[in-house]
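Trainee: I'd like to ask some things about the structure below.
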Amino acid sequence: MINAERSPTFYRFDSTEQLQVWRAMDAADEEPVVIYHSHTATEAYPSRTDVAYASEPNAHYVLVSTRDPQEYELRSYSIVDGVVTEEPVEVVESYMFAHTGSDDIPDRG
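Quick look at the structure:
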């Protein structure tokens, strides 16, 4: 989505674009599952602005910090009524195979 602030250090959704996306999701009976963005100069923790704008209680808010070019930091949070709770993140090779039994994996031969 477009950064309405046009700033390299602050992000705000373009309200017109956000409304279009939310309406399209409503029409498709969808809801946001993951909302993510990066922090370029700080840790991967929700800022006061992130918490203030967090309006989806069932979404996972994923933050990636790029402050250290040698090592990324990826963290996920639940943000409900201003309360920030860190969630575990498991990096897997393939989502489909990570959540199914070995009998469900198709033959690769």
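Here UniProt numbering is used: the first residue of the sequence shown is 1, the next is one more, and so on.
Ideal Cβ placement from N, Cα and C applies to all residues, glycine included.
All figures in this text were calculated on a predicted structure; none of them were measured in a lab.
1. Whose C-alpha, out of Tyr11, Asp50, Ser38, Glu17, is nearest the C-alpha of Pro69?
2. Assign Ile2 to buried or exposed, taking buried as 16 or more other Cβ atoms, counted over all protein chains shown, within 10 Å of its Cβ.
3. Who are the near neighbours of His60 in its chain, counting only those whose CB is closer than 8 Å to its CB and skipping five residues on each side?
4. Using the Cα positions of Val91 and Thr16, report the straight-line distance between them to the nearest angstrom.
5. Where does Thr42 sit, in a helix, a strand or coil, going by DSSP?
Mentor: Walking through what the data contain:
1. Here residue 69 refers to the residue found at position 69 when the sequence shown is read from its first residue. Taking only the C-alpha atoms, the option nearest Pro69 is Ser38.
2. The count along the sequence shown starts at 1 and reaches residue 2 at position 2. Result: exposed.
3. The residue given as residue 60 occupies position 60 in the sequence shown. Contacts found: Val33, Val34, Ile35, Ser76, Tyr77, Ser78, Glu87.
4. On the sequence shown, position 91 is the one that residue 91 refers to. On the sequence shown, position 16 is the one that residue 16 refers to. Put simply, the backbone Cα of Val91 is about 34 Å away from that of Thr16.
5. Locating residue 42 in the sequence shown gives position 42, counting from the first residue. Coil.
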